[in-house]
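Student:
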Amino acid sequence: MCALSWGLTGPDDDAVLATRTERLQQGVNKAASALRAQVRAVAADLDVEGLDSLIHRQGDRLMDTRTGVELFVFHRDSLVFWTSRAPAEGGPLYRDVAGHAQLPDGTYLHAEVNNGPYRIHGLRLVWYAPPIENRYLTKGFSPSLGLLHGLVAEAGPGLGPVVRDGEGQ
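For reference, each letter of the sequence shown is one residue, going 953 to 1121 in the numbering used here.
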């Protein structure tokens, strides 16, 4: 009788998770920088063109949904323009925590620029947590971050979300 043992060579689970987490952080940092730049650009264009001209001339660009960016323009305390499916409440946007906004459907990157009587808020989805889950609506990182499937984040005690692989490790 002969006994064979075998194993797989390659990175261990901790190394794989560390690599994926680093890739996630790089993706989030890049998305946050792009969001800040986009909100600043909208504020600068608003300053030059005014709101009506900005909406008419650049509305299609502002409504680009590929990156998941949502823009909200407030004139004093009134929401006067938004690009998302439905306007977010102003309240959660004011409770920005380290560049993030926690809304009922997930965690978003948040950038804000004040420009005279205007306040421009930008949101970009990081973690989607639908109120109801099924085979079509599942929680997960935004596809715009370009991550591999299998990473899961959980909000919990501590400084931020806990990131795990698809097997809970």
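A virtual CB, placed ideally from N, CA and C, is assigned to each residue, including glycine.
Starting from ASN1067 and walking both ways along the alpha helix (DSSP H), at which residues does that stretch end?
Tutor: Element bounds for ASN1067: not the alpha helix (DSSP H) but the beta strand (DSSP E), 1058-1067.
Student: Thinking LEU1075 and GLU1022 are a contact (beta carbons under 8 Å), I'd like their distance in whole angstroms, please.
Tutor: 4 Å
Student: From VAL1025 to SER1096, what does the alpha carbon distance come to, in whole angstroms?
Tutor: 23 Å
Student: Tell me whether LEU1089 sits in a helix, a strand or coil according to DSSP, three-state version.
Tutor: LEU1089 carries a coil assignment under DSSP once its states are collapsed to helix, strand and coil.
Student: Strictly by DSSP, which residues pair up with GLY979?
Tutor: Beta-bridge pairing links GLY979 to no other residue.
Student: Which residue spans inside the segment 984-1032 form an unbroken beta strand (DSSP E) run of at least 3?
Tutor: 1021-1027
Student: Quick check on this structure: which residue in ARG1028, HIS1027 and GLY1020 has the alpha carbon closest to the alpha carbon of THR1035?
Tutor: GLY1020
Student: Excluding the five sequence neighbours on either side, which residues of its own chain have a C-beta within less than 7 Å of the C-beta of ARG1028, listed in chain order?
Tutor: PRO1069
Student: Enumerate in chain order the residues of its own chain whose CB-to-CB distance from TYR1080 is below 7 Å, with the five nearest sequence positions on each side excluded.
Tutor: ASP1057, GLY1058, LYS1091, GLY1092 and SER1094
Student: Please classify LEU976 as buried or exposed, where buried requires at least 16 other C-beta atoms within 10 Å of its C-beta.
Tutor: buried
Student: Ignore the nearest five residues each way along the sequence and tell me which others in LEU1006's own chain have a CB closer than 7 Å to its CB.
Tutor: These residues qualify, in order along the chain: ASP997 and LEU998.
Student: When you compare only the Cα positions, how much space is there between LEU1003 and LEU969?
Tutor: 45 Å
Student: Are the beta-carbon atoms of ALA1053 and ARG988 separated by less than 8 Å?
Tutor: no
Student: Could you give the residue range of the beta strand (DSSP E) that holds GLY1074?
Tutor: For GLY1074, the enclosing beta strand (DSSP E) begins and ends at 1070-1080.
Student: Among the candidates ALA967, ALA993 and HIS1008, whose CA atom is the shortest distance from the CA of ARG1071?
Tutor: For the residues ALA967, ALA993 and HIS1008, the minimum Cα distance to ARG1071 belongs to ALA993.
Student: Using three-state DSSP, classify LEU1097 as helix, strand or coil.
Tutor: helix
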